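In the working numbering, the protein residues as written are 237 to 463. Even for Gly, the Cβ is constructed at its ideal location relative to N, Cα and C. None of these values were measured; they are calculated from a predicted model.
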Ligand SMILES: Nc1nc2c(ncn2[C@@H]2O[C@H](COP(=O)(O)OP(=O)(O)O)[C@@H](O)[C@H]2O)c(=O)[nH]1
Ligand SMILES: [Mg+2]
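Put into structure tokens, the structure is as follows:
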């Protein structure tokens, strides 16, 4: 937490904004928020939920437990993360999946590494999908992380891009944009629980195809996009 403490001057507010995106996560969102609160008690923080028109009442639960809960049309995970980051009031933004596959207890470890880095990725020890392994060996090497598509990340707020140019990239464009701007990217590895049986981004074939398309978009973003 050294970096956060260093920010505690008159003109800079310290604290962590935790952003999560949801699409039909009614069974998980309350537990996630309570675990974040428990982990960050004693640290100034806010929890922001960006919900894309869930049909299972996720937004109503988020409104009870989160500090900020926004409902909007469905636009995908990457746009939701950037949307939430723009609402953040603290200088550190942590993004986390809402399905409990990212243990929020790791947030202080990620934030502490912002002493040395501008952006820190929590990488799963094992990356399960073949499309994610291919991305890890290519774009992951460029960015210096073994789990390119992990969206469990701690960002200094200024490392976020101002706009997305490539559509849904499952968080990939956010990492590529930071790398292109020369921000220092670090990594913490952790053991993830087994993936749930029905990911919101699609079953095995659909998810692998979508992630492969996202990886190509990220290559183009890396090679050609100017911010
Ligand atoms: N706001 C928003 N969140 C989404 C969308 N699709 C997935 N998510 C959320 O993004 C996170 C990761 O999605 P998930 O399907 O678990 O992907 P996986 O972990 O790669 O299998 C979860 O918190 C989902 O609820 C979407 O279209 N909009
Ligand atoms: Mg998941």
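- In this structure, residue 286 keeps its C-beta atom at 8 Å or more from the C-beta atom of residue 251.
- When C-alpha distances from residue 334 are compared across 454, 425, 284, 346, the shortest belongs to 284.
- A Cβ closer than 7 Å to some heavy atom of ligand 2 marks a residue here, and those residues are 333, 335, 337, 431, 432, 435.
- Within the model, the alpha-carbon separation for residue 371 versus residue 429 is close to 21 Å.
- The beta carbons of residue 258 and residue 298 sit closer together than 8 Å.
- With respect to the C-alpha of residue 388, the residue from 449, 296, 339 having the closest C-alpha is 339.
- Exclusion of the five residues before and after residue 359 leaves 381, 382, 383, 386, 423, 424, 425, 426 as the residues of its chain whose Cβ lies within less than 8 Å of its Cβ.
- The Cβ atoms of residue 447 and residue 365 sit closer than 8 Å to each other.
- At least one heavy atom of ligand 1 falls within 7 Å of the beta-carbon of residue 259.
- Taking the Cβ atoms as the reference, residue 253 lies roughly 5 Å from residue 329, within the contact range of under 8 Å.
- Taking the Cα positions, residue 343 is about 8 Å away from residue 275.
- Across the structure, residue 261 and residue 392 are spaced so that their CA atoms are roughly 27 Å apart.
- In the three-state reduction of the DSSP assignment, residue 440 falls in the helix class.
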